[in-house]
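Chemist:
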Amino acid sequence: MDFQDIPPKWLSLAQIVASNKGDVKLWDKLVDLTEHLPTKDDRYPVEVSQGSPPVMKSLLFTVYENLLVNFPLCEQYWCNYASWKFKLGDEAHHVAQIYSNALSYMPKSLIIWRNYLKFTIETQRSHCRIMDVLEDARIAVGHHFYAHVIYDIYLDFLKKSGHNKEYHLLLRRIIEIPMYHYCKYFLEFTRLLEEADIVTIKYFVTAEDLYSSFKLTWGDLLKPADGKISKMKELKSKLKKMFTDALITTQYHTFRLWSYERELKKPYYDPGSQLTRQELNTWNSYLNYLEINTLKDSFRNGNSGTAKMNRALLETAYERCLIRTADYSFFWLKYSNLKLNMNMEDQAKQVLIKGIYLINDDEFKLRLRLVDLEILSGEISEAKDLTLEAYEQQPDNLALTLKILQIEHLIDRDSVVDLIEAKLLEVEGGEFERQFDYLFREVLGYGSVSLTKIEALLKRYQDKKKDSYHYQKALKEFYRCYKLTEDH
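Using this note's numbering, the first residue of the sequence shown is number 380, and each one after it goes up by one.
#1: Terminal residues of the continuous alpha helix (DSSP H) containing residue 499?
#2: Three or more beta-carbon pairs under 8 Å between the stretch 638-656 and the stretch 565-580, yes or no?
#3: Are the stretch 491-509 and the stretch 692-702 in contact at 8 Å, needing three or more beta carbon pairs?
#4: Where does residue 736 land, buried or exposed, given buried means 16+ other C-beta within 10 angstroms?
#5: Any idea if residue 788 is buried or exposed, counting beta-carbon neighbours within 10 angstroms, 16 or more meaning buried?
#6: Taking residue 759 as the reference, which of 786, 742, 777 has the closest Cα?
#7: Could you pull out every residue in the same chain whose Cβ sits closer than 6 Å to the Cβ of residue 438, ignoring the five residues on either side in sequence?
#8: Could you check which residue in 720, 556, 572 has the C-alpha nearest to that of residue 688?
#9: For the putative contact between residue 661 and residue 693, defined by C-beta atoms under 8 Å, what is the C-beta separation to the nearest angstrom?
#10: Classify residue 578 as helix, strand or coil using the three-state DSSP reduction.
#11: Would you tell me roughly how many angstroms separate the C-alpha atoms of residue 811 and residue 777, rounded to the nearest one?
#12: Please classify residue 453 as buried or exposed, where buried requires at least 16 other C-beta atoms within 10 Å of its C-beta.
#13: For residue 425, write down the residues that DSSP places opposite it in a beta bridge.
#14: Between residue 756 and residue 793, what straight-line distance do the alpha-carbon atoms span, to the nearest angstrom?
#15: Can we say the stretch 523-533 touches the stretch 545-565, given the rule of at least three CB pairs closer than 8 Å?
#16: Is the beta carbon of residue 451 less than 8 Å from the beta carbon of residue 484?
#17: Do the CB positions of residue 536 and residue 572 come within less than 8 Å of each other?
#18: Quick one: is residue 565 buried, meaning 16 or more other Cβ sit within 10 Å of its Cβ, or exposed?
#19: For a test of the three-state rule: what should DSSP assign to residue 452, helix, strand or coil?
#20: In three-state terms, what does DSSP make of residue 743?
#21: Can you say whether residue 621 is buried or exposed, counting buried as having 16 or more other CB atoms within 10 angstroms of its CB?
#22: Measuring alpha carbon to alpha carbon, tell me which residue in 520, 851, 611, 598 is nearest residue 574.
#23: Using a threshold of 8 Å, state whether the C-beta atoms of residue 461 and residue 474 are closer than that.
#24: Quick one: measure Cβ to Cβ for residue 718 and residue 730, integer angstroms, because I've assumed they're closer than 8 Å.
#25: What's the C-alpha gap between residue 538 and residue 596?
#26: For residue 482, collect the residues of the same chain with a Cβ closer than 8 Å to its Cβ; drop the 5 residues on either side in sequence, then sort them by chain order.
#27: Near residue 857, which residues of its chain fall below 8 Å by C-beta distance, leaving aside the five closest residues on each side in sequence?
#28: Quick check: the Cα distance between residue 670 and residue 780, rounded to an integer number of angstroms?
#29: Would you kindly report the start and end of the unbroken alpha helix (DSSP H) that includes residue 811?
#30: Out of 445, 498, 649, point me to the one whose CA is closest to residue 472's CA.
#31: In its own chain, which residues sit with a C-beta less than 6 Å from the C-beta of residue 819, not counting the 5 before and 5 after it?
#32: Mind checking residue 860: buried by the 16 CB within 10 Å criterion, or exposed?
#33: Suppose contacts are defined by Cβ-Cβ distances below 8 Å. Is residue 815 in contact with residue 798 by that definition?
#34: Go to residue 807, then tell me how far its alpha helix (DSSP H) extends in each direction, as first and last residue.
#35: Does residue 867 pass the burial test, meaning 16 or more other C-beta atoms within 10 Å, or should it be called exposed?
#36: Between 486, 782, 773, which lies nearest to residue 761 when the distance is taken from Cα to Cα?
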């Protein structure tokens with residue numbers, strides 16, 4: 380790319396953005412500037428098109444790619460990038476890959492799935508491929524509270540494609556899922572039931588259920604009425620009552636979810652903004668409510684339809700939450716703990732790894748928790764590497780030092796006291812000396828470390844640490860716990 384072909388105004392703004400990569404408002408300005416061709420007086424900018432100079436198209440793609448590296452959770456940017464790629468002549472399968480990349484970060488993003496579905500239906504010639512993507516979307520976000528935006532697309536495609544059976548079966552699934560527009564799907568389902576004939580009635584009940592629950596056969600439904608109500612009409616009435624009972628259950632759960640959903644005013648990631656305490660508490664309470672339902676049903680019958688639905692509702696809510704609250708390590712830890720409680724150790728680790736990559740984990744809360752999980756699974760070497768990697772960035776971080784000691788104690792318990800003394804010498808006379816006096820107390824927690832070595836360590840520092848709170852606390856605890864005298 381020849382820099383002479385790049386407008387000076389763009390270069391100037393790009394330099395400012397490069398120095399302030401975390402400022403999303405500056406990125407917005409750069410995107411807006413890049414999407415429009417410069418004119419001599421800058422008064423009437425023209426939108427970039429296929430006929431624009433190649434340098435302008437390349438700049439546009441470069442800006443979006445770098446923007447998404449810095450803000451991978453900004454859903455609409457992914458969709459805009461994909462839209463520009465297709466608009467400026469890129470092949471459909473390359474554009475589809477952009478959506479796939481976005482979903483690798485946000486698998487439950489309703490915004491991305493909606494745009495991906497519309498793009499697929501518009502560009503894909505393979506009917507089977509469209510059906511596959513629609514089904515992928517249903518599995519991914521079908522339990523989202525606002526999943527109607529996906530189901531409307533899915534149902535519309537089935538209707539236009541003449542997939543009558545699939546249309547009925549999808550509606551049957553939907554009416555049991557608590558969501559914002561649950562009622563309109565039930566009304567459509569009951570309309571189809573009322574209009575059902577001997578062919579379409581089979582979409583509402585199987586031959587086995589027809590006989591076991593209603594003592595009827597398909598042949599019975601063909602018989603004319605004998606002065607009373609026909610068997611077909613009687614069956615429809617009973618089915619409607621059964622499905623109405625399901626509606627009442629769906630309605631109840633929808634209202635329970637709505638008590639939380641109505642408090643969540645902004646569902647998308649807003650870089651640099653702080654969430655209110657009320658919003659954070661709402662997300663936490665919402666997740667707690669879904670967790671209780673999920674764990675309760677799992678204990679009863681983990682393979683029941685209700686248990687599976689509750690798990691799907693919970694997982695969807697967590698993934699939604701982590702888009703909105705991505706900058707808060709609390710929710711990453713909470714999700715990881717849930718996975719661990721459900722015996723999904725590898726998934727618990729993956730949640731933390733993803734969080735470490737996506738957010739500024741400057742306090743190393745996620746990393747330290749990941750280290751704990753590696754230790755739990757016996758991956759001591761991996762735990763050590765993770766800790767040392769962070770320690771190199773912040774050697775004066777007490778929490779990281781404590782974790783190194785914990786790991787070394789598992790590897791070579793005799794080295795712990797030597798490591799502590801080395802660290803004390805390293806920080807002696809510095810601003811962190813007082814903080815690291817806590818190591819005197821830490822060593823008391825390692826029961827397998829030689830008491831003689833601990834006592835020798837304490838005695839070596841008895842003159843230097845007379846006014847150290849942590850040292851004096853450790854000294855008293857040592858002799859009290861091990862029933863020794865200071866003259867021992």
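Just so you know, even glycine gets a beta-carbon here, dropped at the ideal spot from N, CA and C.
Modeler: Taking the definition as stated:
#1: Within the sequence shown, the letter at position 120 stands for residue 499. Membership of residue 499 in the alpha helix (DSSP H) is indicated by the continuous run 489-502.
#2: No, the stretch 638-656 does not touch the stretch 565-580.
#3: In this structure the stretch 491-509 does not touch the stretch 692-702; the number of beta carbon pairs closer than 8 Å is below three.
#4: The residue you call residue 736 lines up with position 357 of the sequence shown. Residue 736 is exposed by the Cβ-count criterion.
#5: For the purposes of this step, residue 788 is taken as residue 409 along the sequence shown, with counting starting at 1. It is buried - the Cβ of residue 788 has at least 16 other Cβ atoms within 10 Å.
#6: Here residue 759 corresponds to residue number 380 of the sequence shown, with the count starting at 1. Here the closest residue by C-alpha is 786.
#7: Walking along the sequence shown from the start, residue 438 turns up at place 59. Close CB contacts of residue 438 within its chain, under the 6 Å cut and outside five residues either way in sequence, are with 413 (chain order).
#8: Indexing the sequence shown from 1 puts residue 688 at position 309. Comparing alpha-carbon positions, the option among 720, 556, 572 lying closest to residue 688 turns out to be 556.
#9: On the sequence shown, residue 661 is found 282 positions in, with the first residue counted as 1. On the sequence shown, residue 693 is found 314 positions in, with the first residue counted as 1. Contact flag wrong, Cβ pair sits at about 16 Å.
#10: Reading the sequence shown from its first residue, position 199 is the one you call residue 578. Taken through DSSP and simplified to helix, strand or coil, residue 578 comes out as coil.
#11: Here residue 811 refers to the residue found at position 432 when the sequence shown is read from its first residue. Here residue 777 refers to the residue found at position 398 when the sequence shown is read from its first residue. The straight-line gap from Cα to Cα measures roughly 9 Å.
#12: In the sequence shown, counting from the first residue as 1, residue 453 sits at position 74. Residue 453 is buried by the Cβ-count criterion.
#13: Taking the sequence shown and counting its residues from 1, one reaches residue 425 at position 46. For residue 425, which the question treats as bridged, DSSP gives the partners 416.
#14: Position 377 of the sequence shown, counting from 1, holds the residue named residue 756. Position 414 of the sequence shown, counting from 1, holds the residue named residue 793. Cα atoms of residue 756 and residue 793: separation of roughly 23 Å, rounded to the nearest angstrom.
#15: With a cut-off of 8 Å, the stretch 545-565 and the stretch 523-533 count as touching, because enough Cβ pairs lie within range.
#16: For the purposes of this step, residue 451 is taken as residue 72 along the sequence shown, with counting starting at 1. For the purposes of this step, residue 484 is taken as residue 105 along the sequence shown, with counting starting at 1. The beta carbons of residue 451 and residue 484 sit closer together than 8 Å.
#17: Position 157 of the sequence shown, counted from the start, is the residue given in the question as residue 536. Position 193 of the sequence shown, counted from the start, is the residue given in the question as residue 572. The answer is no: Cβ separation not under 8 Å.
#18: Taking the sequence shown and counting its residues from 1, one reaches residue 565 at position 186. Buried is the call here.
#19: Your numbering for residue 452 matches position 73 in the sequence shown. Under the three-state reduction of DSSP, residue 452 is assigned to coil, being neither helix nor strand.
#20: Walking along the sequence shown from the start, residue 743 turns up at place 364. DSSP places residue 743 in coil when its eight states are reduced to three.
#21: Reading the sequence shown from its first residue, position 242 is the one you call residue 621. That one is exposed.
#22: In the sequence shown, the residue the question calls residue 574 occupies position 195. When only C-alpha atoms are compared, the closest one is 611.
#23: The count along the sequence shown starts at 1 and reaches residue 461 at position 82. The count along the sequence shown starts at 1 and reaches residue 474 at position 95. Yes, the Cβ-Cβ distance between residue 461 and residue 474 is below 8 Å.
#24: On the sequence shown, residue 718 is found 339 positions in, with the first residue counted as 1. On the sequence shown, residue 730 is found 351 positions in, with the first residue counted as 1. Contact between residue 718 and residue 730 holds, since their C-beta atoms are separated by about 6 Å, short of 8 Å.
#25: For this step, residue 538 is matched to residue 159 along the sequence shown. For this step, residue 596 is matched to residue 217 along the sequence shown. Looking at the backbone, the Cα of residue 538 and that of residue 596 are separated by about 29 Å.
#26: Here residue 482 is taken as the residue at index 103 of the sequence shown, counted from 1. Cβ neighbours of residue 482 beyond the five flanking positions: 488, 491, 492, 495, 519.
#27: Taking the first residue of the sequence shown as 1, we reach residue 857 at position 478. Cβ neighbours of residue 857 within its own chain (closer than 8 Å, five residues either side excluded): 823, 833, 834, 837, 863.
#28: Position 291 of the sequence shown, counted from the first residue, corresponds to residue 670. Position 401 of the sequence shown, counted from the first residue, corresponds to residue 780. Near 34 Å, if we compare the C-alpha coordinates of residue 780 and residue 670.
#29: Numbered from its first residue, the sequence shown carries residue 811 at position 432. Note, residue 811: premise wrong, no alpha helix (DSSP H); not H, not E.
#30: Numbered from its first residue, the sequence shown carries residue 472 at position 93. Taking only the C-alpha atoms, the option nearest residue 472 is 498.
#31: Start at 1 with the first residue of the sequence shown, and residue 819 comes out as number 440. Closer than 6 Å at the Cβ level, and outside the excluded window around residue 819, lie 849, 850, 853.
#32: Numbered from 1 along the sequence shown, position 481 holds the residue referred to as residue 860. It is exposed - the Cβ of residue 860 has fewer than 16 other Cβ atoms within 10 Å.
#33: Along the sequence shown, one-based indexing puts residue 815 at 436. Along the sequence shown, one-based indexing puts residue 798 at 419. Not a contact, by the Cβ cut-off of 8 Å.
#34: Here the question's residue 807 lines up with position 428 in the sequence shown. Residue 807 -> no alpha helix (DSSP H), and no H or E assigned at all.
#35: One-based indexing of the sequence shown puts residue 867 at position 488. Residue confidence for residue 867 is low, a pLDDT of 49 falling below 50, so the modelled location carries little weight; the figure read from the coordinates is stated next. The residue is exposed, with fewer than 16 neighbouring Cβ atoms inside 10 Å.
#36: Position 382 of the sequence shown, counting from 1, holds the residue named residue 761. Of the candidates 486, 782, 773, 782 places its Cα closest to the Cα of residue 761.
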